[in-house]
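Going left to right, the sequence shown walks through residues 1 to 335 as full-length UniProt numbering numbers them.
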Amino acid sequence: MTSATTGAPAYRRAVVTGAAGFIGSHLCEALLDEGWLVTGIDHLRGHPEEVTARNLRSLRADPRFLLVTADIAVADLDSLLYGADTVFHLAARPGVRASWGERFSEYVDSNVLGTHRLLDAAGRGGVRRVVVSSSSSVYGGAEDGPTAETSLPTPLSPYGVTKLLTEQLSLVHAKRPGSRTSVVALRYFTVYGPRQRADMAITRMIDSALTGRPITVFGDGLQRRDFTFVSDAVQANLLAAQARAQAVAVNVGTGSTITVLELIELVGEVVGQPVAFEHGPPGDGDARSTHADLAGAAEVLGYWPTVDLRTGIKHQVEWIRSLSAGAREPQLARG
Numbered sequence: 001m002t003s004a005t006t007g008a009p010a011y012r013r014a015v016v017t018g019a020a021g022f023i024g025s026h027l028c029e030a031l032l033d034e035g036w037l038v039t040g041i042d043h044l045r046g047h048p049e050e051v052t053a054r055n056l057r058s059l060r061a062d063p064r065f066l067l068v069t070a071d072i073a074v075a076d077l078d079s080l081l082y083g084a085d086t087v088f089h090l091a092a093r094p095g096v097r098a099s100w101g102e103r104f105s106e107y108v109d110s111n112v113l114g115t116h117r118l119l120d121a122a123g124r125g126g127v128r129r130v131v132v133s134s135s136s137s138v139y140g141g142a143e144d145g146p147t148a149e150t151s152l153p154t155p156l157s158p159y160g161v162t163k164l165l166t167e168q169l170s171l172v173h174a175k176r177p178g179s180r181t182s183v184v185a186l187r188y189f190t191v192y193g194p195r196q197r198a199d200m201a202i203t204r205m206i207d208s209a210l211t212g213r214p215i216t217v218f219g220d221g222l223q224r225r226d227f228t229f230v231s232d233a234v235q236a237n238l239l240a241a242q243a244r245a246q247a248v249a250v251n252v253g254t255g256s257t258i259t260v261l262e263l264i265e266l267v268g269e270v271v272g273q274p275v276a277f278e279h280g281p282p283g284d285g286d287a288r289s290t291h292a293d294l295a296g297a298a299e300v301l302g303y304w305p306t307v308d309l310r311t312g313i314k315h316q317v318e319w320i321r322s323l324s325a326g327a328r329e330p331q332l333a334r335g
C-alpha cells in the first residue's frame, strides 16, 4: 500500500509535536488519511480545554492515533521518538506581541530548548526526517516584492528571533557530520483556516462581521500579508516528509499579498456583513509586508498552493458558523 499523494510507503510511524494545535491537528488527520501511524505530542496548555477537545475529536476516535501529553522541553523524547520514521515539529510558543514581555522565557523553553532536545533525540534514534515549522517572521519586513530563502533574515521581534533559532538549530543538527537525520524547515506565511487561533486576524475579522463587535487594526491597515490556507500548509508538510534534501529551509505561502484594509473588505463580502474596526497604534515587531517567493518550494518540494484567499475565507466562515449552530465540523478537501 502506498500514499496516493506522495507515493510513500504507508504504515510508517510519524510523530507530530503540537498535535492538538491548529495546523498540527489538521496534519495528524492528513497523515492518518495517508496511511501513517501517528503519535501526537502536546502539553495541552496552549488552548482552552474546549478548543483542544474539538481539535482532537476525530483523532481520538482513530485507533492508529496515540496522544501523549508531554512538554518537549522536559519529556523523555528518546522513548517517544523510538521507531519513528518522520517527526513533524509544530510545537511552539506563538505570538509576536507577548514575546516582548516577561514571558520571553516561555518562548526560549518551547521554541529553542525544546527544538534542541527534539533534534538531539531524533539523531540518537536515527529518525530519517524532521520537518520543522518555522515562520516568515524570520525575514522581518519585505518592501521590495517576494522574499526568497536566500534573503538575509532580520527578525523584528523576540518571537521571530526564536523561530530563526528553531530552524537554524534544526539545520545544524542535520548538517552534523554523520547525521542520520535530515531536516526540511517550512517558513509559513500567515496560515489561516478552520481551527485558527481566536486572536489571529482573519478569525477576529469574521467574528466582527458576524457579531458587530469592532476589532482594532494596528497602524494604518496598509501593511501587506501573504495568507496561506491550512490545507496548503499541511500539503507542504506531506511533501517535505519525502523531499530529497538534507538540510534546507523553504517558504510556504501563496506568492500573492493583500493589505489589511483590503482583507477587511473581502471578509465582509464573504460573510455578507461589514467588519467593524477602529485604528490603534502600530504593533511592536509587526512586519510592514510579507510576500513569499515560491521558487524554492516548487523546486525542493514540488509545492504550489491550491486554495485562493476568497475560497479559504469562505471555508473558515462555514466552519465558524457550524460551531455556532452546533453542527458537525465541515471536512477540508486536501489536494
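For every residue, glycine included, the Cβ atom is placed at its ideal position computed from N, Cα and C. Everything numeric in this text was worked out from a predicted model, so none of it was measured.
Reduced DSSP category for residue i - H, G, I as helix; E, B as strand; rest coil
{"i": "Glu-102", "result": "coil"}
{"i": "Tyr-107", "result": "helix"}
{"i": "Leu-301", "result": "coil"}
{"i": "Pro-9", "result": "Bear in mind that a pLDDT of 46 at Pro-9, under 50, signals an unreliable position, so the model cannot answer this."}
{"i": "Leu-66", "result": "strand"}
{"i": "Thr-290", "result": "coil"}
{"i": "Thr-259", "result": "strand"}
{"i": "Ala-14", "result": "strand"}
{"i": "Arg-310", "result": "helix"}
Beta carbon of residue i nearer than 9 Å to that of residue j
{"i": "Tyr-107", "j": "Thr-190", "result": "no"}
{"i": "Tyr-56", "j": "Ala-30", "result": "Note that residue 56 is Leu in the sequence shown here, rather than Tyr. Taking 9 Å as the Cβ cut-off, Leu-56 and Ala-30 do not qualify as a contacting pair."}
{"i": "Ser-136", "j": "Arg-187", "result": "yes"}
{"i": "Gln-223", "j": "Thr-259", "result": "yes"}
{"i": "Arg-93", "j": "Tyr-159", "result": "yes"}
{"i": "Leu-90", "j": "Val-16", "result": "yes"}
{"i": "Phe-88", "j": "Ala-241", "result": "yes"}
{"i": "Gly-219", "j": "Gly-285", "result": "no"}
{"i": "Thr-39", "j": "Ala-75", "result": "no"}
{"i": "Leu-266", "j": "Arg-225", "result": "no"}
{"i": "Arg-12", "j": "Leu-32", "result": "no"}
{"i": "Ser-99", "j": "Ile-23", "result": "no"}
Proximity test, residue i beta-carbon vs the ligand HEM heavy atom, cut-off 8 Å
{"i": "Leu-67", "result": "The model on display carries no ligand, and the ligand HEM is accordingly not part of it."}
Span of the beta strand (DSSP E), counted from its first residue to its last, around residue i
{"i": "Ala-185", "result": "182-188"}
{"i": "Phe-218", "result": "215-218"}
{"i": "Leu-37", "result": "37-42"}
{"i": "Ala-247", "result": "247-252"}
{"i": "Gly-280", "result": "277-280"}
{"i": "residue 358", "result": "Shown here, the chain extends from 1 to 335; a query on residue 358 therefore has no answer."}
{"i": "Arg-244", "result": "Here Arg-244 belongs to no beta strand (DSSP E), and DSSP marks it neither H nor E."}
Nonlocal neighbours in the same chain, by C-beta distance under 7 Å from residue i, ignoring five residues either side
{"i": "Pro-274", "result": "Ala-209, Gly-268"}
{"i": "Leu-239", "result": "Thr-6, Leu-301, Gly-302, Tyr-303"}
{"i": "Gly-46", "result": "Gly-21"}
For residue i, the nearest candidate out of the options (CA to CA)
{"i": "Leu-152", "options": "Ala-249, Tyr-139, Glu-265, Thr-181", "result": "Tyr-139"}
{"i": "Val-270", "options": "Val-130, Gly-283, Arg-321, Ser-157", "result": "Arg-321"}
{"i": "Asp-120", "options": "Ala-92, Thr-150, Leu-77", "result": "Leu-77"}
{"i": "Thr-181", "options": "Asp-286, Val-127, Leu-171", "result": "Val-127"}
{"i": "Ala-73", "options": "Val-307, His-89, Gly-114", "result": "Gly-114"}
{"i": "Thr-185", "options": "Val-217, Val-131, Thr-203", "result": "According to the sequence displayed, residue 185 carries Ala and not Thr. Cα-wise, what sits closest to Ala-185 is Val-131."}
{"i": "Gly-296", "options": "Val-217, Pro-282, His-315, Thr-147", "result": "Thr-147"}
{"i": "Tyr-42", "options": "Val-68, Arg-54, Ala-325", "result": "Contrary to the premise, residue 42 reads as Asp rather than Tyr in this sequence. Checking every option, the nearest Cα to that of Asp-42 belongs to Val-68."}
{"i": "Ala-292", "options": "Ser-179, Asp-144, Glu-102, Arg-197", "result": "Asp-144"}
{"i": "Thr-86", "options": "Asp-207, Ala-75, Ala-243", "result": "Ala-243"}
{"i": "Thr-27", "options": "Gly-193, Pro-48, Arg-97, Val-112", "result": "Per the sequence shown, the amino acid found at residue 27 is Leu instead of Thr. Ranking Gly-193, Pro-48, Arg-97, Val-112 by Cα distance to Leu-27 puts Gly-193 first."}
Endpoints, the alpha helix (DSSP H) within which residue i is located
{"i": "Arg-117", "result": "114-125"}
{"i": "Glu-167", "result": "158-175"}
{"i": "Ser-79", "result": "77-81"}
{"i": "Ser-134", "result": "Run containing Ser-134: none in the alpha helix (DSSP H); it sits in the beta strand (DSSP E), 129-135."}
{"i": "Phe-22", "result": "22-33"}
Proximal residues to residue i (C-beta, below 6 Å), its chain only, five neighbours per side dropped
{"i": "Leu-164", "result": "Val-138, Pro-153, Pro-155"}
{"i": "Thr-52", "result": "Ala-20, Leu-44"}
8 Å Cβ shell around residue i - same chain, five flanking residues per side excluded
{"i": "Thr-257", "result": "Arg-224, Arg-225, Asp-226, Ser-289, Thr-290, His-291"}
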